[in-house]
Every structure is written in structure tokens, then in C-alpha cells.
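Worksheet: one structure, shown below.
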Amino acid sequence: MPLETLKNCPVCNASSFSNYLNVEDYTVSHKEFTIQQCNACYFLLTNPRPPAEEIGAYYQSEEYISHHDESKTIMSRVYTSVRNHTIKGKVKLINELQNKKGSLLDIGCGTGNFIQACKENGWHVNATEPDSGARAVAEKRVGETVSETINAPALHNKKFDVITLWHVLEHVHELNETVTWLHDHLHEDGAIIIAVPNPQSYDATEYRRFWAAYDVPRHLYHFTKSTMKKLMEKHQLKVMKVLPMWFDSFYVSMLSTKYRNNAVSLVNSAKTGLLSNLKGRSAKQEGTNTSSLIYIITKK
Ligand SMILES: [Zn+2]
5 MPLETLKNCP VCNASSFSNY LNVEDYTVSH KEFTIQQCNA CYFLLTNPRP PAEEIGAYYQ
65 SEEYISHHDE SKTIMSRVYT SVRNHTIKGK VKLINELQNK KGSLLDIGCG TGNFIQACKE
125 NGWHVNATEP DSGARAVAEK RVGETVSETI NAPALHNKKF DVITLWHVLE HVHELNETVT
185 WLHDHLHEDG AIIIAVPNPQ SYDATEYRRF WAAYDVPRHL YHFTKSTMKK LMEKHQLKVM
245 KVLPMWFDSF YVSMLSTKYR NNAVSLVNSA KTGLLSNLKG RSAKQEGTNT SSLIYIITKK
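Just so it is clear: in the sequence shown, position 73 is 77 by the numbering used here, and no numbers are missing.
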């Protein structure tokens with residue numbers, strides 16, 4: 005399958021990159037991909053990458069469980085229990101951000117667990133999900149129409165109080181177009197919540213090329229606090245706050261240990277996950293530094 009090579013940095017448009025890390029696609033193709041770093045703004049991107057029309061093939065895996073509901077393997081059982089716990093925290097977060105229950109758009113809603121919880125909590129929910137199977141499950145579960153993409157006519161003239169992207173932005177080919185869309189569809193006093201893996205976390209530096217959250221080539225970008233801030237500022241948006249995402253550390257560490265050792269070691273991964281959380285919390289100079297981070301973003 006042919007790959008496409010970005011000649012210019014999606015964040016700063018510079019055209020000079022250095023190779024940063026070669027990483028295997030552990031879940032689907034087992035091919036190696038290169039993560040490059042922009043020499044001007046230090047943005048990390050998977051480059052070259054499968055083009056948008058080819059990327060679907062890289063999601064064809066039983067192990068790519070975010071689109072599935074059944075809890076078969078030990079990984080997916082842990083994932084499910086973490087997810088249920090995490091959803092409560094996410095609903096609490098949006099309620100803290102807005103003092104009214106307004107309109108919420110969840111981009112990439114998967115099978116709809118989060119929007120279901122928001123709806124039950126009094127939010128008016130909208131959602132998108134590109135995977136047709138997951139979309140059907142979400143529509144049935146929530147009783148709302150879920151659009152395939154943000155370009156659906158149903159969303160054209162709408163504005164939202166909260167837009168959420170839980171582990172979605174790192175998958176989007178049209179990065180700048182998407183962030184422009186977010187800006188244009190957010191109410192003046194609205195907030196965008198973007199959760200992405202943190203390649204500067206303790207577990208990322210511990211596992212290096214085995215770090216599961218590189219997840220190439222599905223993750224096209226590997227945002228740091230600095231590059232996220234630059235990207236948002238380019239689009240007249242502002243990172244107001246960076247919050248830790250505690251539970252991701254354990255899950256990511258478990259997968260990373262599996263990739264490194266070819267076996268699941270719950271003890272070792274729990275240890276690295278815990279260390280990642282402790283170090284993420286105690287890293288006072290850099291602030292929050294867990295395996296994944298939640299960015300709270302508003303208009304400038
Ligand atoms: Zn750059």
C-alpha cells in the first residue's frame with residue numbers, strides 16, 4: 005500500500021524534519037513506521053503515513069477494541085472496567101466546565117458510552133463516528149442520530165457549548181481543517197476537551213519504541229504540551245488547562261510490556277503505570293505529565 009509523505013509541518017509549515025523513532029505497528033500490520041520531528045517547532049508526526057483512503061486497513065484487528073463492546077481478552081476486560089470508571093470522571097469534568105447543561109458534541113464517539121452518560125446527565129448530545137459498526141451501536145444505545153464525520157450537513161450550522169475529542173485528534177488526517185472546524189462550531193464561551201497520549205510521559209520514555217500509545221500508523225501525530233499549544237494558538241484557540249488522565253497509564257503500560265516482552269505482566273505494568281502517575285503528578289517543573297493528557301481549550 006502506498007504511503008504519503010508530508011513535506012511541511014502541519015503546525016508551523018517548516019519543511020525540515022529529523023527522524024525521531026522507528027516504531028512497529030504491533031496490533032495490525034507489524035510494519036515499521038518512522039516518527040519524525042519538525043526541526044523548527046519539534047512537532048512529532050508519523051511520516052510517511054498511510055493516506056486517508058488507505059488507513060481503514062490498519063484498523064482491521066480484533067485487538068483494536070475501542071470499537072468493540074465484548075470483553076473477551078484480559079486486555080479488553082481491563083479496558084472495559086477502566087472505561088466505565090473514566091466515563092464518570094469525564095461527565096464530572098464537563099459539568100465543572102459549564103454551569104449549565106448545554107449542547108455537547110463528541111467527535112469519534114465509538115459505541116457511545118460517554119454520550120449516553122452525558123444524555124442521562126441532562127446534556128443535549130450530538131456525535132460523530134466514522135466506523136459504521138460502532139456508529140450503529142451508538143445510535144441504538146443513545147437514541148440519537150450519529151453523523152459519520154463533522155462535515156455532515158446535520159452539523160453545518162450548529163454551535164456547541166462543549167466539544168470533546170477523547171483520543172481522536174491524533175487520528176485525523178486533516179488536522180488544520182479539523183481545528184478550524186472546532187473553532188467555528190464552538191460558542192464564544194464554550195470549551196473544547198482534547199485528550200491525547202503524552203510522548204513526554206514517564207512510561208513513554210521508559211518503553212521508548214515499545215510504548216503502546218505511539219500506536220503507529222493509526223496515530224498520525226504525537227502531541228506534546230508545547231506543540232498542542234502552538235497548534236491551538238495558530239487557530240485562535242488557547243490551552244487553558246492541562247489535566248492528568250490517571251487510568252491510561254496502567255492500560256498503556258500493560259500493552260507496552262506485552263509488546264516488549266511478548267507476554268502480559270500485570271505486576272510490571274502496574275508498577276510502571278503507577279510510577280508514571282506518581283511522576284506525572286510530582287513533576288512540578290513541567291506540571292502534569294501522565295501517560296495521556298486532557299487539554300481544556302477555549303477561544304482566545
Ligand atoms: Zn513545525
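Glycine included, each C-beta is placed from N, C-alpha and C at the ideal position.
{"Check": "If we count Cβ pairs, one from each stretch, closer than 8 Å, do we get three or more for the stretch 18 to 33 versus the stretch 144 to 156?", "Outcome": "no"}
{"Check": "Out of curiosity, what's the CA-to-CA distance linking A217 and Y46?", "Outcome": "18 Å"}
{"Check": "Under the DSSP definition of a beta bridge, which residues are partnered with W170?", "Outcome": "A199"}
{"Check": "Looking at the strands, I want to know which residues DSSP matches up with P248.", "Outcome": "L297"}
{"Check": "Report the three-state DSSP secondary structure of H72 (helix, strand or coil).", "Outcome": "Low confidence applies to H72: its pLDDT is 49, below 50, so where it sits in the model is not reliable, and the reading given next is rough at best. In this structure, H72 counts as coil in the three-state DSSP scheme."}
{"Check": "Under the criterion of a Cβ to heavy atom distance below 6 Å, does F21 qualify as lining ligand 1?", "Outcome": "no"}
{"Check": "What three-state label does DSSP hand S257 in the structure shown?", "Outcome": "helix"}
{"Check": "Specify the secondary structure class of S33 as computed by DSSP and reduced to three states.", "Outcome": "coil"}
{"Check": "On the three-pair Cβ rule with 8 Å, is the stretch 110 to 126 touching the stretch 134 to 141?", "Outcome": "yes"}
{"Check": "Determine which residues share a DSSP beta bridge with Q41 and list them.", "Outcome": "S22, L48"}
{"Check": "Rounded to whole angstroms, what is the Cα-Cα separation between I91 and Q102?", "Outcome": "17 Å"}
{"Check": "Within a Cβ cutoff of 6 Å, which residues of the same chain sit near C16, ignoring the five residues on either side of it in sequence?", "Outcome": "A44, C45"}
{"Check": "Which residues in the same chain have their Cβ closer than 7 Å to the Cβ of K304, if we skip the five residues on either side of it in sequence?", "Outcome": "Q240, L241, K242"}
{"Check": "From this set, F214, P248, D219, which residue's C-alpha is nearest K229's C-alpha?", "Outcome": "P248"}
{"Check": "I'd like to confirm something about V183: is its beta-carbon nearer than 6 Å to some heavy atom of ligand 1, or not?", "Outcome": "no"}
{"Check": "Using a Cβ distance threshold of 8 Å, determine whether the stretch 201 to 213 contacts the stretch 177 to 188, with at least three qualifying pairs required.", "Outcome": "no"}
{"Check": "Please report the distance separating the alpha-carbon of I197 from that of N12.", "Outcome": "27 Å"}
{"Check": "Does the distance from the CB of P54 to the CB of P201 come in under 7 Å?", "Outcome": "no"}
{"Check": "Report the rounded CA-to-CA distance for W250 versus C122, giving the unit in angstroms.", "Outcome": "21 Å"}
{"Check": "Going by DSSP, what residue range makes up the beta strand (DSSP E) through A131?", "Outcome": "128 to 132"}
{"Check": "Quick one: Cα of K94 to Cα of E36, how far?", "Outcome": "34 Å"}
{"Check": "Can G106 and D193 be called in contact, C-beta distance under 7 Å?", "Outcome": "no"}
{"Check": "Apart from the five residues just before and just after H128, which ones in its own chain have a Cβ nearer than 6 Å to its Cβ?", "Outcome": "S107"}
{"Check": "Check each candidate in A195, K233, L224 and name the one with the smallest Cα separation from E174.", "Outcome": "L224"}
{"Check": "Name the one or two DSSP bridge partners that S107 has.", "Outcome": "H128"}
{"Check": "Could you give the C-beta distance for Y62 and V32, rounded to a whole number, given that I count them as a contact under 8 Å?", "Outcome": "5 Å"}
{"Check": "What did DSSP end up calling S194 once you bin it into helix, strand or coil?", "Outcome": "A small fix is needed here, since residue 194 is Gly in this sequence, not Ser. G194: strand per DSSP, three-state reduction."}
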